[in-house]
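Below: one structure, written as structure tokens.
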Amino acid sequence: MNRLRAVLAVLAMLIVPASAAPLERAALAADLCGDGAAQARGSERVVQAATDASTDELAAAGRLLAALAERRLACGSEGALILDRAGAAEGHDALTGATRPVAEARAPVLGLRQRALVETARAAVALLTGESVAARAAGLATLERRAGAVPDTILARAQAAETDPGLRGSIAGAAQAAALSSPDPDKRRAAVAAVAAAPSGAALARLRALRSEPAAAADLAFAQALDVGIASVERAVRIGDGLAILYNGLSFASILFMAAAGLAIIFGLMGVINLAQGEFIMLGAYATFGVQEAFRRLAPSLLDLYLIAAIPVAFAAAALVGIVLEALVLRHLYRRPLMSLLATWAVSLFLVNLVRVAVGTQNLQFAMPPYVSGGAPLYADFVVTWNRLFAILFAAATLALTLLVLRRTPLGLDIRAVTQNRDMAACLGLPTRRIDRLAFGLGSGLAGLAGVALCPIYSVNPGMGSGFVIDAFMVVVLGGVGSLMGTLVAALGIGGANVLIEPLSGAVAAKVIVLVGIILFLQRRPEGLFAARRRR
Amino acid sequence: MSALVIDALTVAFGRFRALDALSLAVDPGEVRAVIGPNGAGKTTLLDVISGITKPVSGRVMLGDRLDLTRCSEAQIARAGVRRKFQKPSVFPVLTVRENLAIGCGPDMAPGAREARIAAVLGEVGLAVRAAVPAGALSHGEKQWLEIGMVLAAEPGLLLLDEPVAGLSDAETARTAELIGRLRRPDRAILVIEHDMGFVEAVADKVTVLHEGRTLYEGGMQGARRDARVIEVFLGR
Amino acid sequence: MSGAVHTGLAAPAHERRALRDPLVAVLVGLCLAAALGLVLGRPAPYLVNAVGQLAAFAILAVSLDLVWGYLGILSLGHGLFFAIGGYVCAMHLLAHGTVMTGTLPDFVQFMGWKGLPAYWAGLEHAPYALLLALGLAGLVAFLFGLVAFRSRVNGVYFSIISQALVYVAMLLMYRNDTGLGGNNGMTGFPLLFGWPMGAPAVVTGLAVAALLTLAAVLAGARWLVGSAVGRRMLACRDDETRLRTLGYSTTRLKLRVWCLSAMIAALAGILYVPQVGIINPRVLAPDLSIEIAVWVAIGGLGRLGGAVIGAVLVNALKFWLSAAMPEAWPFILSGLVLLVVLALPNGLLDLAGLRIRPSWASGAR
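Residue numbers (the working numbering), protein chains in the order written: chain C, 1 to 536; chain E, 1 to 236; chain H, 1 to 365.
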């Protein structure tokens with residue numbers, strides 16, 4: 001009978017391709033119980049079979065390997081036993097699972113050299129069959145350290161089977177690295193092309209590292225392929241970085257626009273430069289915090305909506321304070337722009353210190369709802385972060401609404417009329433003082449909205465307003481008095497210029513250059529970009 | 001040689017054309033009145049001549065040599081052009097005397113300045129108020145002070161923007177008489193006014209502006225009879 | 001500027017002459033008397049030091065009043081010129097100290113440099129340092145003013161841009177590689193003309209110097225605003241177009257007075273820094289430049305004496321309150337500003353009740 005079995009086994013081995021040798025548990029157990037060479041062979045076989053073997057087979061192999069590594073394997077004449085812990089009296093048969101006493105079975109010795117191979121095999125099994133993401137990630141980490149010894153097919157299989165997107169990405173990266181070092185030159189070239197097709201800073205580093213290896217120098221065709229790939233990835237990374245800069249500039253410009261739009265309306269209407277505008281932004285941010293805390297206390301399940309709910313609250317809060325300011329202080333400073341400036345400065349000082357005393361100087365902590373955390377990778381290393389997108393969309397909506405109010409509502413018409421010719425408007429019966437008050441409220445409210453938009457991006461504390469105020473002034477001065485379009489263009493220009501120059505010369509130089517640019521521009525066109533030409 | 005030649009002057013504020021290819025010539029020694037309905041471009045014309053507004057196209061030649069559209073306000077003033085503004089523009093915190101001293105301009109020698117101030121004080125009748133801050137003067141006195149300021153440097157081209165606005169009949173007559181005394185063969189005077197009686201009393205010729213263009217140019221009698229002028233401006 | 005009793009009626013000439021504003025003369029006298037008092041009376045050093053600092057601030061306020069009250073230019077960046085004077089003075093003191101004592105200043109050792117940066121050369125000589133401070137302030141003012149005045153940037157636009165200018169200067173000074181101390185600034189001045197800085201004689205000497213300079217600046221400014229140039233300044237403030245159309249180059253006038261004002265502000269900085277013992281970029285904070293305008297507004301815009309009174313009053317209050325109730329100071333300051341702006345358009349001197357000035361007589365706008 002044994003001879004027949006042996007003949008059949010040989011026939012079977014002839015029919016089935018050698019590389020897809022099934023993970024026969026018995027053979028594996030025998031190998032692991034053998035000497036160092038046998039253990040190495042067994043581990044190697046597991047690795048080679050990992051690509052095609054079934055999950056169950058792999059799991060079983062994994063248990064054997066784990067037992068060996070943890071000295072829980074007992075080998076005897078009746079077969080291998082897996083113990084629950086080292087030194088236990090009885091264990092489970094490796095093949096049948098039946099419980100048996102250990103008796104004279106002894107644990108095989110695992111040499112250092114073999115240990116590495118066993119760990120690799122275990123890692124491969126863990127990657128493919130691990131129960132948790134953490135277990136699979138651990139397996140991947142181990143495999144990456146021994147990338148050369150691992151067939152890339154394992155990684156391909158793991159990648160295909162992986163459910164967690166983050167881990168899948170990591171597996172893809174490891175597969176890439178493995179493919180790049182594949183012994184098959186065609187596979188290597190294909191890998192380079194694949195890397196070039198999915199460019200990123202990390203990919204570039206990997207390609208560059210490979211390029212500097214002597215093996216690459218030896219294979220000319222491969223070296224050339226690498227150079228081409230590196231050039232293409234470099235270009236893509238540069239484009240991606242450029243896009244990131246533009247994106248950041250756009251988001252900065254959005255915040256600037258919201259901060260400056262209110263300033264432009266107020267200045268165009270009343271000739272008042274509101275030095276407290278930064279503090280209205282701060283009030284908007286603090287109102288947002290208040291809404292968050294209210295949600296936390298009253299409706300914690302809806303916490304993620306606090307940003308949306310804060311929009312009308314921040315607008316109303318800032319507008320209210322603005323109207324009070326206008327009624328109490330600015331009303332008396334009609335036609336005295338320089339004194340109004342000092343008065344609004346005093347109010348800004350007051351507000352900052354009021355908040356400082358009432359709430360404290362620490363940065364406020366904001367919860368980050370999912371729609372403003374993370375982002376979507378778009379191109380190379382450029383990620384469209386949701387918090388900045390929120391700011392941009394918010395500013396666009398603000399622009400649209402403000403235009404709507406100014407162009408389509410009676411209040412907007414009144415504001416435009418009083419801006420262009422106050423005396424005539426008054427003669428026509430428009431209540432100019434009331435319009436001033438409402439417009440000031442509108443302008444302050446817009447600043448409050450800016451406060452909402454920047455909570456996910458910038459730090460919020462009592463003194464935060466001063467960082468935006470100077471830039472907002474520059475936007476108003478450049479864009480032209482009272483012109484919303486001018487404010488928009490100027491905000492884009494200044495925001496963009498700031499962000500473009502910053503990586504080249506630093507943030508300070510950017511501000512200096514932008515300021516000098518504005519002054520020189522005003523030299524040629526003192527009324528700003530869009531101001532209407534008027535008679536003296 | 002003309003004292004002032006305006007050649008196809010166009011001034012635009014946005015899409016609105018305040019002056020539309022306007023042409024005009026004033027001889028030395030002449031008193032020209034520029035009249036027209038509100039918004040016709042009269043004050044804008046003076047703004048361009050005195051350099052406050054720059055035109056889109058066209059030239060303003062002072063005495064055949066100098067194109068005023070290329071000069072700054074100070075340069076134009078030093079070329080001998082003086083303008084009296086519609087709203088009395090005196091320096092309220094300075095005394096009458098100090099106002100006149102500034103009116104003499106930066107180029108006058110101190111000795112000549114004193115003499116000139118005395119002369120002008122006499123001409124405009126403010127000698128008794130010489131040490132009073134201009135802000136304390138009555139409206140009529142302010143108008144005369146400003147006239148005195150623009151006379152102090154003996155300008156070759158005098159631009160008067162509504163010199164009798166807000167004056168009583170007596171004051172208006174006094175002003176008409178003053179302007180008559182200002183005539184000199186080397187001086188051209190351009191007056192913008194709405195008071196037709198005053199215009200008739202002082203002006204040699206009249207230019208009627210309408211929507212930035214010349215509607216009529218000639219004597220006051222002719223203007224009163226011209227159908228278009230009547231329709232646009234004078235009424236029946 | 002001559003004030004007079006104006007109730008809307010004309011005052012006879014002889015009456016006007018007699019009512020020339022005596023405030024400046026009184027203040028000059030006070031400065032001289034105070035200087036004498038400090039030398040003879042030997043009050044406590046901290047008091048002497050306080051008086052000296054107040055004098056320096058008063059000089060700064062006068063410099064701003066010159067361009068604001070008399071030319072109508074509200075600069076919210078005068079801290080820049082003050083800082084230029086202060087920084088150059090600090091450099092001189094440290095260079096002088098290095099030469100005399102042989103040890104390098106702290107911030108040089110902190111940066112790990114072997115010696116003072118190259119452009120410090122020559123600063124141990126006081127006359128050169130003085131010239132450099134005034135010259136640099138004048139130059140910066142000239143360049144900025146040229147661009148601003150030529151492009152007819154006026155009113156609030158100018159104020160905003162001057163704020164931006166001082167803000168940017170502050171950002172520049174915060175960098176640690178400028179050789180000017182970075183965000184820690186420069187301190188630890190050892191010697192003044194060879195004398196140790198803390199010595200009572202030096203403290204008194206500095207305070208007396210500040211008082212005498214204040215007296216000189218006041219007298220000089222008074223002379224300037226009373227002269228023909230002063231008349232033109234007022235004319236330019238009230239109706240620049242009118243002045244231009246009378247043949248005057250207002251750009252040149254503004255530029256000259258603007259540069260003079262900058263140099264006076266730098267002088268104030270030179271006197272301030274040795275007395276306070278430190279300079280750092282916080283002197284360039286935009287808020288501080290606005291405070292200078294607040295001093296002038298509170299004391300009385302367009303009256304040189306008012307600027308001095310405002311500076312002394314506000315800073316004395318600040319000194320006192322910073323020790324007693326530091327939390328309250330910002331509230332008190334903002335309340336004071338609002339009070340003055342709303343109720344006292346001509347500053348605290350309105351309370352004096354001596355003069356009732358009509359709206360056109362002051363520069364308050």
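The C-beta atom is built at its ideal place from N, Cα and C for all residues, glycine as well.
**OP:** Give me the Cα-Cα distance between E:GLU123 and H:VAL140, rounded to the nearest whole angstrom.
**Re:** The alpha-carbon separation between E:GLU123 and H:VAL140 amounts to approximately 47 Å.
Original post:
Would you report the Cα separation of C:ALA21 and C:GLY229, rounded to the nearest angstrom?
Top reply: In this prediction, C:ALA21 scores a pLDDT of 47, lower than 50, which makes its location untrustworthy; no coordinate-derived value is stated.
Original post:
From the beta carbon of C:PHE473, is the nearest beta carbon of chain H less than 7 Å away?
Top reply: So yes, C:PHE473 belongs to the interface.
Original post:
Under 7 Å, do H:PRO330 and C:LEU349 count as touching if we go by C-beta distance?
Top reply: Taking the C-beta atoms as reference points, C:LEU349 is found nearer than 7 Å to H:PRO330.
Original post:
What is the DSSP secondary structure of C:LEU226, counted as helix, strand or coil?
Top reply: Assignment of C:LEU226 by DSSP, reduced to helix, strand and coil, places it in the helix class.
Original post:
Quick one: is C:TRP540 buried, meaning 16 or more other Cβ sit within 10 Å of its Cβ, or exposed?
Top reply: In the structure as shown, chain C begins at 1 and stops at 536. Residue 540 of chain C is therefore absent and cannot be evaluated.
Subject >> Contacting residues, own chain, Cβ-Cβ under 8 Å from C:THR129 (five flanking each side not counted) >> reply: The residues are THR55, LEU58, ALA59, GLY62.
Original post:
Does the beta carbon of C:TRP345 sit closer than 7 Å to a beta carbon anywhere in chain H?
Top reply: It does: the Cβ of C:TRP345 has a partner Cβ on chain H nearer than 7 Å.
Subject >> Contact the stretch 299-311 of chain H vs the stretch 64-71 of chain H: 3+ CB pairs below 8 Å >> reply: Contact holds between the stretch 299-311 of chain H and the stretch 64-71 of chain H, because three or more Cβ pairs, one in each stretch, are under 8 Å apart.
Original post:
Where does H:HIS96 fall in DSSP's three states?
Top reply: Here H:HIS96 sits in helix by DSSP.
Original post:
Counting only beta-carbon atoms, is H:ALA235 nearer than 7 Å to chain E?
Top reply: So, interface residue.
Original post:
Name the chain C residues whose beta carbon is nearer than 9 Å to that of H:GLY155?
Top reply: Within 9 Å Cβ-Cβ: GLY271, PRO337, LEU338.
Original post:
Applying a beta-carbon distance threshold of less than 7 Å, which residues of chain H neighbour C:PHE366?
Top reply: The premise fails here: C:PHE366 is roughly 27 Å from chain H at the closest Cβ pair, so nothing lies under 7 Å.
Original post:
According to a CB-to-CB cut-off of less than 8 Å, which residues of the stretch 447-470 of chain C neighbour chain H?
Top reply: Residues of the stretch 447-470 of chain C that bring their beta carbon within less than 8 Å of a beta carbon in chain H comprise SER466, ILE470, in sequence order.
Subject >> Beta-carbon separation (whole angstroms), E:VAL11 vs E:VAL60, contact threshold 8 Å >> reply: Going by Cβ atoms, the distance from E:VAL11 to E:VAL60 rounds to 11 Å, so no, they are not a contact pair.
**OP:** Starting from the C-beta of C:TRP345, find all residues in its chain whose C-beta is less than 7 Å away, skip the five residues before and the five after it, and write them out in chain order.
**Re:** Excluding residues up to 5 positions away in sequence, LEU275 lie with their Cβ nearer than 7 Å to the Cβ of C:TRP345 in the same chain.
Original post:
Tell me, which residues are paired with C:CYS75 by DSSP?
Top reply: Per DSSP, C:ALA80, C:ARG106.
Original post:
Counting along the chain, where does the beta strand (DSSP E) carrying H:ASP239 start and finish?
Top reply: Element bounds for H:ASP239: n/a, residue is neither H nor E.
Original post:
When you check each C-beta in the stretch 105-121 of chain E against every C-beta of chain H, which residues fall closer than 8 Å?
Top reply: Flagged, chain order: GLY105, PRO106, ASP107.
Subject >> Nonlocal neighbours in the same chain, by C-beta distance under 8 Å from H:LEU348, ignoring five residues either side >> reply: Short of 8 Å from the beta carbon of H:LEU348, and not among the five residues preceding or following it, lie these beta carbons of its own chain, in chain order: ILE298, GLY299, GLY300, GLY306, ILE309, GLY310, LEU313, VAL340.
Original post:
Does DSSP classify H:PHE142 as helix, strand or coil?
Top reply: Residue state, collapsed to three classes: helix.
**OP:** Note the first and the last residue of the continuous beta strand (DSSP E) segment covering E:MET61.
**Re:** Per DSSP, E:MET61 belongs to the beta strand (DSSP E) from 57-62.
**OP:** Anything in chain H within Cβ reach of E:MET149, meaning under 9 Å, just list it in chain order.
**Re:** Listed by position along chain H, the residues whose Cβ is nearer than 9 Å to that of E:MET149 are ARG242, LEU246.
**OP:** Determine, using beta carbons only, whether C:LYS511 comes closer than 7 Å to chain H.
**Re:** Yes, C:LYS511 counts as interfacial toward chain H.
Subject >> Short Cβ contact (7 Å threshold) for E:ALA25 with E:ALA8 >> reply: Contact check for E:ALA25 against E:ALA8 fails: the beta carbons are separated by 7 Å or more.
**OP:** Under 6 Å Cβ to Cβ from E:ASP226, same chain only, skipping five residues before and after it: list those, please.
**Re:** TYR216, listed in sequence order.
Subject >> Among C:LEU83, C:VAL499, C:LEU95, C:PRO108, the one whose alpha carbon lies nearest that of C:VAL102 >> reply: That would be C:LEU83, whose Cα lies nearest to the Cα of C:VAL102.
Original post:
So who's on the other strand from E:VAL208, going by DSSP bridges?
Top reply: E:VAL208 pairs with E:ILE35, E:TYR216.
Subject >> Cα-Cα separation between E:ARG129 and E:TRP144, rounded to whole angstroms >> reply: Note on geometry: alpha-carbon atoms of E:ARG129 and E:TRP144 lie some 12 Å from one another.
Original post:
Closest by CA to H:VAL229, which one among E:ASN99, E:SER23, E:VAL34?
Top reply: E:ASN99 is the residue among E:ASN99, E:SER23, E:VAL34 whose C-alpha sits nearest the C-alpha of H:VAL229.
Original post:
For H:GLY86 versus H:GLY220, is the C-beta distance shorter than 7 Å?
Top reply: For H:GLY86 and H:GLY220, no; Cβs fall outside 7 Å.
**OP:** Give the DSSP-derived three-state secondary structure of E:ALA8 in the structure shown.
**Re:** E:ALA8 falls in the strand class under three-state DSSP.
Original post:
CA-CA distance, C:ILE281 and C:SER444?
Top reply: Cα to Cα, the separation comes out at about 8 Å.
Original post:
How many angstroms separate the CA atom of C:LEU265 from the CA atom of C:ALA425?
Top reply: The residue you asked about is not Leu; residue 265 of chain C is Ile in the sequence shown. Between the C-alpha atoms of C:ILE265 and C:ALA425 there is a straight-line separation of about 17 Å.
Original post:
Using the C-alpha atoms, what's the distance from H:TYR167 back to H:ARG152?
Top reply: Straight-line spacing of the CA atoms in H:ARG152 and H:TYR167 works out to 22 Å.
Original post:
To the nearest whole angstrom, what separates the beta carbons of C:GLY463 and C:VAL352, a pair I think is in contact under 8 Å?
Top reply: A Cβ-Cβ distance of about 6 Å is found for the pair C:GLY463 and C:VAL352, placing them in contact under the 8 Å criterion.
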